[in-house]
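Have a look at the structure below, then the notes.
Residue numbers (our numbering), protein chains in the order written: chain G, 29 to 145; chain U, 54 to 166.
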């Protein structure tokens, strides 16, 4: 159990366009989802935390108008990168948790490689 | 806030040897310490975790130890295999409603056949 999927696994887009990444918990209800960004050979950087039905809480330095997060249901969260620029190219990873079921554990998706040209 | 230091950044071993990765944390209120394995181009996978009320936990070839007094915890992999090659991240978090983990910088483990 505890499987998290992401779609797409990779995407190439042109500068100025928007890209939406989906994160789904396949076999459990995710009361909280997290979005991370990871640069090559670096650790995970938390971008935002979202609870189902609530507005996302963004980490300091993350532009909420650029990285739109929606957690509309207990199994789906989306991250939309608006007006993408080459510096937004990165590996985006989501994770999901359900403290009532899994206590402290987070389960990560496989990641989405975004390349902005 | 919490600060997690992880060492070494790179670890190279021969197949069959043991590997040890160490982490220290700064916030004595942290009480949950997971370890993740990340293969190239994939998301992190939880491999083992430990809570502050336990000093050691083992799962087959993998074990984690925790020293709350010294605020450090370690991952031990015995009888390493080439498929253990990956980047390993430690993390620390506080339980309850604020369980967002702080990650270490990662250790690239290379197991030579």
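Beta carbons: idealized from backbone N, C-alpha and C, even for Gly.
Taking the CA atoms as reference points, residue 65 of chain U sits about 35 Å from residue 77 of chain G. Within the stretch 123-142 of chain G, the residues whose Cβ lies closer than 9 Å to any Cβ of chain U are, in chain order, 123, 125, 127, 131, 132, 133, 134, 135, 136, 137, 138, 139 and 141. Between the alpha carbons of residue 113 of chain G and residue 44 of chain G lies a gap of roughly 6 Å. Residue 138 of chain U is outside the set of residues whose beta carbon lies under 8 Å from a beta carbon in chain G. Comparing alpha-carbon positions, the option among U/155, U/153, U/126 and U/134 lying closest to residue 60 of chain U turns out to be U/126. Taken through DSSP and simplified to helix, strand or coil, residue 68 of chain G comes out as coil. The Cβ of residue 59 of chain G sits no closer than 8 Å to any Cβ of chain U. When secondary structure is reduced to three states using DSSP, residue 130 of chain G falls in the helix class. Annotation: residue 42 of chain G to residue 99 of chain G spans about 26 Å, alpha carbon to alpha carbon. Around the beta carbon of residue 93 of chain U, fewer than 16 other beta carbons lie within 10 angstroms, which makes this residue exposed.
Look at residue 87 of chain U here: in three-state DSSP terms it is strand. When C-alpha distances from residue 39 of chain G are compared across G/131, G/127 and G/120, the shortest belongs to G/120. Here DSSP, grouped into helix, strand and coil, assigns residue 93 of chain G to coil. Of all alpha-carbon atoms in G/136, G/140 and G/144, the one lying nearest the alpha-carbon of residue 100 of chain U is that of G/136. Separation of residue 112 of chain U and residue 73 of chain U (C-alpha to C-alpha, rounded to the nearest whole angstrom) is 15 Å.
When C-beta atoms of the stretch 134-143 of chain U are compared with those of the stretch 79-99 of chain U, three or more pairs fall below 8 Å, so the two segments count as touching. Taken through DSSP and simplified to helix, strand or coil, residue 109 of chain U comes out as strand. For residue 58 of chain G, same chain residues with a beta-carbon under 7 Å away, outside a window of 5 residues either side, are 102, 103, 124, 125 and 126 in chain order. Here DSSP, grouped into helix, strand and coil, assigns residue 102 of chain U to strand.
Bridge partners of residue 122 of chain U according to DSSP: none are assigned. Scanning chain G for C-beta atoms nearer than 8 Å to the C-beta of residue 67 of chain U yields nothing, as the closest lies near 23 Å away. Out of G/95, G/75 and G/145, the CA that lies nearest to the CA of residue 62 of chain G is found in G/75. If you check each beta-carbon in the stretch 75-91 of chain G against every beta-carbon of chain U, the ones closer than 8 Å belong to 77. At least one beta carbon of chain G lies nearer than 8 Å to the beta carbon of residue 158 of chain U.
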